[in-house]
Each structure stands twice: as C-alpha cells, then as structure tokens.
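S.K.: For reference, the structure I am asking about is given below.
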Amino acid sequence: MEQFQVKDKSLAPQGHLQIEWASKHMPVLNQIKSRFSKEKPLKGLTLGACLHVTKETAVLAETLAAGGAKVVLCGSNPLSTQDDVAAALADEGIQVFAWRGQNTEEYYQCIDKVLDHKPVITLDDGADLVGTLHSKRKERLKNVKGGTEETTTGVLRLRAMEKAGNLKYAIIAVNDAYTKYLFDNRYGTGQSTIDGILRATNTLLAGKTLVVCGYGWCSRGIAMRAQGLGANVIVTEVQPLRGLEAVMNGLRVMPITEAAAMGDIFVTATGDINVIRKEHMQKMKNGAIIANSGHFNVEISLKDLEALSTAKRTLRPNLEEFTMKDGRRLYLLAEGRLVNLAAAEGHPSEVMDMSFANQALCAEYIAKSDKMTPKVYTVPCDIDETVAELKLKSMGVTIDKLTAEQQKYLSAWEMGTT
Ligand SMILES: NC(=O)c1ccc[n+]([C@@H]2O[C@H](COP(=O)([O-])OP(=O)(O)OC[C@H]3O[C@@H](n4cnc5c(N)ncnc54)[C@H](O)[C@@H]3O)[C@@H](O)[C@H]2O)c1
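When we follow our numbering, the leftmost residue of the sequence shown carries the number 4, and every step to the right adds one.
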C-alpha cells in the first residue's frame, strides 16, 4: 500500500522547522504528547485523519503517533495544505496524502487512500471523510469504532446524518467544546482571516467598509479584528438574536442587498450557500474585494461571478480580477476557499493548541470507551475543563478557588435577600 503522496519530499527540512515553531506554542498538546508517550493509549490503532495539513496539524499527528497510533492523513481542503509540512510528516513516517492545489478528483482520491488503511478512529474537518465512508466506501464502516469532527459545517452535516438515521458510528463534535469554538472560531478565524486578506491584497483596512456575512463565532471574530484595524464594519445576518448582538456591539446591520453597494471588502463566514450571488455582485462598487472564510467554497457564487464577467486574470497569488460586462472589476481571493488557510497559514498555533488538545483527548476517550452508540456526542465536560486548566497554567495564569462556604452557598436555595 502507498505510504505517502506529497508535492516535493525535498521540502522536508523547511517543514521540520515550521513544525518546531508551532510546537513551541502548543504547550497543552505537548503535555498530552508526553503522557501519551508513556501510556500509549492509542497503541495498535489506525487513525484516519482528514484535516488541513498545517504545521499545527503536524504537532497533533506527532502526538497521536506518540500515543501508539498509526496516523494516516489527508487534507480537508484542496488549497490548504502546506507542502513543506506534508513533506516533513512523510519524512517522520506519518502516512500523508496531501498537496496544495488539488483538483476535486485528487482530493477525494486522497480520502480514499486514507480509507484504504482501514482506520478504526476518524478525525474529520468538514465531514468529507465520514461522508465518503457512508457512501462510496461503506465496506470500511465495520472497522470504525468512533470519530471526531473539527468544524461547525462538519457537525451540521453529521447532525443531519444522525437525524436521517444514516450515521453508523459515534462521533464527538470537537467544534462544540467551549475550549474550541470560543477561541479557535472567534480569535483564530478573526485574526487569520484578516491575515489572509492582507497577504493576498496588502490593502489598507482603515477607513474601508468591510461587510461581514454572518455574526456567528467566526464572523464576529472577523468583525472584531476588522474594527480594531479601523474598518467600518457592516454585518448581515439571518438570525434575529445574532443581528441584535451585532447592533448592540455598535455595528451596522442590514440585508446583503443593501450592503452590496456599500462594501469595499466582503467576507463570508456563515456555513451557508450562495450568500453573495448575482444580484449582489451586480451592485458592488468597482474594485470590491470578495473573500470567504467559511468551510466550503459555496458561500460566494463562483458560477454567478464567472457568468457576469467577460475576462479574468490573476494579479497576485490568491488574487483574481474579474472584469464585469459594465467594465467594473471585482477581486476574488483564494478562489473563494477559506482565505485564512489558502492565503495565510490558518489559525495561530496558540489556539490550535486547544482545538487539537481536544482532538487528542477525544481520540483517547473513544479508544477507551465501549459504550458509545452511533450519534453525535458533545465533548465530555472534564476534557473541556482540563484543556482550559492546562492552557491557563501554561500561560502562567492562576484563578481563585471556591471556599467551602461559597460551594455550599452556590448549591443551596435557602438564603435569599438579607
Ligand atoms: N476559516 C476557518 O479556519 C474556520 C474555522 C472554524 C469554522 N469555520 C467555518 O466557518 C463557518 C461558520 O462557522 P461558525 O462557527 O461561525 O458558525 P455559526 O453557526 O456560529 O455562525 C454562522 C452564522 O451565519 C449566519 N448565517 C447563515 N446563513 C446566513 C446568510 N445567508 N446570511 C447571513 N448570515 C447567515 C447564521 O445565522 C450564524 O449566525 C462554518 O462553515 C465553519 O465550518 C472556518
């Protein structure tokens, strides 16, 4: 069986340095790694992972391997693999099938290669691995004990599978841990999305009108960081509560049809389809920049952008210019794929430390459990709390402890107004 497929194995030395740099900023995962090296909780298990192949994912793969697992990895997006990191992982004996710039066929071929290795536990980001297992590769389902899911879109898909009675094994929604979405989705996506936009364009955000579609965990992070850089932020939403939060946070909220004519920069992070489409593109200003940070490249209608334009050219890496029939030019970043991973490096290591600590501890939990049934589980509370405790400790921050009196008071009803 094939052991790896990467773009260029000679990039490994640079990849090792990248992984070393990430690892220095992932103290929680490193603590788990040292314990795993001694206890070997994943001994003899094959773990099939479909994750963005970044330097932080490499530290996770090393942690799982230290726990005794055979790790087989493919990318969870055709444009997010860091080729030097993939080469370094292959060098370390991790079975990796990933390179940047795959076409759809190659992308799914790599998922198939992971499944050829008969994983017992799956780690997915977006549920393409799980989707393939439940459709084209059903014969591999019998090997699988459980899995984890990293992102909001993946969890939505899995819950839909569960509801339809199609989910055949237990999956822990890592995304829904507090120590994941409150930090990774908000601060990670917030910072790295801006990073991706800047690397692709080097545009000035101060004084620009930036339209964020969605006010969920990712999009509020983007709005917050864009505000910090001096952009005038407009939010579009479909949920009243979220729209209200955005208003109370001092942002302008309006439908995308109105915002379309006002924005200099547009960023989608909704997990939804065709959020920016023909009727919005028709209203956009000459020079408007459009980017997506949601999981799939369906939030901006690429079909509509192509149909409305008469010419396109690539001006810089990750920056495509579309000339409209009326002469306006619109600029699409990173082919509409998640801009933070395709045009930058994804989330900083410090937040991935928590997300991937959850991944490692949930993989251990699945390995040790014999009671899980086919449904979507939340991350056990003690795992979430352990990750928060370890992270605070690694930052040198201590917090107070409840006194015995406070503990009693907080669990009693007798005492009221005094
Ligand atoms: N780029 C990254 O690195 C990264 C990281 C984490 C999550 N994600 C992805 O980002 C997406 C959003 O994740 P999240 O955790 O913020 O989800 P979320 O559910 O917290 O937020 C999504 C928000 O979008 C809103 N929305 C839905 N359709 C809309 C529409 N047509 N117009 C305006 N708003 C709309 C929803 O009401 C919701 O408030 C998902 O696809 C997720 O998988 C990306």
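A virtual CB, placed ideally from N, CA and C, is assigned to each residue, including glycine.
Which value, in whole angstroms, describes the spacing of the CA atoms of residue 371 and residue 48?
M.R.: Residue mapping note: residue 371 aligns to position 368 of the sequence shown, counting from 1. Residue mapping note: residue 48 aligns to position 45 of the sequence shown, counting from 1. Those two C-alpha atoms are separated by around 11 Å.
S.K.: Taking only the alpha-carbon atoms, compute the straight-line gap between residue 93 and residue 296 and give it to the nearest angstrom.
M.R.: Here residue 93 refers to the residue found at position 90 when the sequence shown is read from its first residue. Here residue 296 refers to the residue found at position 293 when the sequence shown is read from its first residue. Going by the C-alpha atoms only, they are around 28 Å apart.
S.K.: Mind pulling the alpha helix (DSSP H) runs of 4 or more residues that sit fully within the stretch 328 to 415?
M.R.: Entirely contained in the stretch 328 to 415, the alpha helix (DSSP H) runs reaching 4 residues are, in chain order, 342 to 345, 352 to 371, 384 to 397, 407 to 413.
S.K.: Pick out every residue whose C-beta is nearer than 5 Å to a heavy atom of ligand 1: which are they, in chain order?
M.R.: That query returns the following residues: 154, 155, 156, 188, 192, 216, 217, 219, 220, 221, 239, 240, 241, 242, 245, 272, 273, 274, 275, 278, 296, 297, 298, 341, 343.
S.K.: Go through its chain and collect everything with a Cβ distance to residue 213's Cβ below 6 Å, but skip five positions before and after it.
M.R.: Counted from its first residue, the sequence shown places residue 213 at position 210. So the qualifying residues of the chain are 229, 234, 236, 268.
S.K.: So, at 7 Å on beta carbons, what are the nonlocal neighbours of residue 289 in its own chain, with the 5 sequence-adjacent residues on each side left out?
M.R.: As a first step, residue 289 must be located in the sequence shown, where it is residue number 286. Around residue 289: 331, 332.
S.K.: Okay, do the stretch 365 to 384 and the stretch 345 to 354 touch, 3+ Cβ pairs below 8 Å being the bar?
M.R.: These segments do not touch.
S.K.: Given a cut-off of 7 Å on the beta-carbon distance, is the pair residue 90 and residue 101 in contact?
M.R.: Numbered from its first residue, the sequence shown carries residue 90 at position 87. Numbered from its first residue, the sequence shown carries residue 101 at position 98. In this structure, residue 101 does not lie closer than 7 Å to residue 90 by Cβ.
S.K.: Taking DSSP's pairing of strands, which residues face residue 275 in a bridge?
M.R.: Position 272 of the sequence shown, counting from 1, holds the residue named residue 275. None, per the DSSP bridge assignment.
S.K.: Quick check on residue 144: buried or exposed, where buried means 16 or more other Cβ atoms within 10 Å of its Cβ?
M.R.: Taking the first residue of the sequence shown as position 1, residue 144 is located at position 141. By the 10 Å Cβ count, residue 144 comes out exposed.
S.K.: Pull up the distance between the alpha-carbon of residue 128 and that of residue 54, whole angstroms please.
M.R.: The sequence position of residue 128 within the sequence shown is 125, counting from 1. The sequence position of residue 54 within the sequence shown is 51, counting from 1. When rounded, the distance between both Cα atoms is 5 Å.
S.K.: Can you look up residue 199 in the DSSP assignment and give me helix, strand or coil?
M.R.: As a working note, residue 199 is residue 196 in the sequence shown. The answer is helix: DSSP assigns residue 199 an H, G or I state.
S.K.: Give the secondary structure of residue 138 by DSSP, where H, G and I count as helix, E and B as strand, and everything else as coil.
M.R.: By one-based count along the sequence shown, residue 138 stands at place 135. Correct three-state label for residue 138: coil.
S.K.: What did DSSP end up calling residue 421 once you bin it into helix, strand or coil?
M.R.: Position 418 of the sequence shown, counting from 1, holds the residue named residue 421. It is coil, neither helix nor strand.
S.K.: With a threshold of 16 other CB atoms inside 10 Å of the CB of residue 42, please say whether the residue is buried or exposed.
M.R.: The residue labelled residue 42 in the question sits at position 39 within the sequence shown. Flag for residue 42 reads exposed.
S.K.: According to DSSP, residue 73 sits in a beta bridge with which residue or residues?
M.R.: Stepping through the sequence shown from its first residue, residue 73 is reached at position 70. Bridge partners of residue 73: 49.
S.K.: Spell out the partners DSSP gives residue 312 in its beta bridges.
M.R.: Within the sequence shown, numbered from 1, the residue matching residue 312 stands at position 309. 327.
S.K.: In angstroms with no decimal places, state the Cα-to-Cα distance between residue 205 and residue 319.
M.R.: Against the sequence shown, residue 205 aligns to sequence position 202. Against the sequence shown, residue 319 aligns to sequence position 316. Those two C-alpha atoms are separated by around 11 Å.
S.K.: Going along the chain, which residues of its own chain have a beta-carbon closer than 7 Å to the beta-carbon of residue 97, five neighbours each way excluded?
M.R.: As a working note, residue 97 is residue 94 in the sequence shown. Cβ neighbours of residue 97 beyond the five flanking positions: 64, 68, 74, 76.
S.K.: Of the residues 259, 266, 226, which one's Cα is nearest the Cα of residue 249?
M.R.: Here the question's residue 249 lines up with position 246 in the sequence shown. The shortest C-alpha separation from residue 249 is found at 226.
S.K.: Ends of the beta strand (DSSP E) at residue 231?
M.R.: In the sequence shown, the residue the question calls residue 231 occupies position 228. Run containing residue 231: none in the beta strand (DSSP E); it sits in the alpha helix (DSSP H), 220 to 231.
S.K.: Below 7 Å between beta carbons: does that hold for residue 22 and residue 66?
M.R.: Counting from one through the sequence shown, the residue named residue 22 turns up at place 19. Counting from one through the sequence shown, the residue named residue 66 turns up at place 63. Cβ distance not < 7 Å, so residue 22 and residue 66 don't count as in contact.
S.K.: Looking at the strands, I want to know which residues DSSP matches up with residue 39.
M.R.: The count along the sequence shown starts at 1 and reaches residue 39 at position 36. In DSSP, residue 39 forms no bridge with anything.
S.K.: Given residue 264, which residues of its chain have a CB within under 8 Å of its CB, disregarding the five upstream and five downstream residues?
M.R.: Sequence index remark: in the sequence shown, residue 264 carries index 261 (1-based). Taken in chain order, the residues that qualify are 286, 287, 288.
S.K.: With a threshold of 8 Å, are at least 3 pairs of Cβ atoms found where one atom belongs to the stretch 306 to 323 and the other to the stretch 187 to 207?
M.R.: Segments in contact, yes.
S.K.: Measure how close the beta-carbons of residue 272 and residue 217 come, nearest whole angstrom, since I'm counting them as under 8 Å.
M.R.: Along the sequence shown, read from residue 1 onward, the residue named residue 272 stands at position 269. Along the sequence shown, read from residue 1 onward, the residue named residue 217 stands at position 214. At roughly 5 Å, the Cβ-Cβ gap stays under 8 Å, so residue 272 and residue 217 are in contact.
S.K.: How many whole angstroms separate the CB atoms of residue 151 and residue 114, which I take to be in contact at a CB cut-off of 8 Å?
M.R.: Mapped onto the sequence shown, residue 151 falls at position 148. Mapped onto the sequence shown, residue 114 falls at position 111. Not confirmed; about 16 Å, so no contact.
S.K.: Assuming residue 197 and residue 254 are in contact, meaning their beta carbons sit under 8 Å apart, how far apart are those beta carbons, in whole angstroms?
M.R.: If you number the sequence shown from 1, residue 197 lands on position 194. If you number the sequence shown from 1, residue 254 lands on position 251. The Cβ separation is near 16 Å, so there is no contact.
S.K.: Quick check for students: name the residue ranges of the beta strand (DSSP E) that lie wholly in the stretch 275 to 301, counting only runs of 3 or more.
M.R.: Here the runs fully enclosed are 292 to 295.
S.K.: Looking only at DSSP bridge pairs, what is residue 215 linked to?
M.R.: Locating residue 215 in the sequence shown gives position 212, counting from the first residue. DSSP lists 238, 270 as partners of residue 215.
S.K.: Can the beta-carbon of residue 339 be found less than 7 Å from the beta-carbon of residue 292?
M.R.: Position 336 of the sequence shown, counted from the first residue, corresponds to residue 339. Position 289 of the sequence shown, counted from the first residue, corresponds to residue 292. Taking 7 Å as the Cβ cut-off, residue 339 and residue 292 do not qualify as a contacting pair.
S.K.: Got a sec: is the Cβ-Cβ distance from residue 64 to anything in chain D below 7 Å?
M.R.: Absent here is chain D; the protein component of the structure consists of one chain.
S.K.: Confirm, please, whether the CB-CB distance from residue 121 to residue 146 is below 7 Å.
M.R.: If you number the sequence shown from 1, residue 146 lands on position 143. If you number the sequence shown from 1, residue 121 lands on position 118. It is a contact, given that the beta carbons lie within the stated cut-off.
S.K.: Assuming residue 82 and residue 337 make a contact with CB atoms under 8 Å, what is their CB distance in whole Å?
M.R.: Here residue 82 corresponds to residue number 79 of the sequence shown, with the count starting at 1. Here residue 337 corresponds to residue number 334 of the sequence shown, with the count starting at 1. 7 Å between Cβ atoms; contact.
S.K.: Report the partner residues of residue 152 according to the DSSP bridge assignment.
M.R.: If you number the sequence shown from 1, residue 152 lands on position 149. The partner list for residue 152 (beta bridge, DSSP) reads 127, 176.
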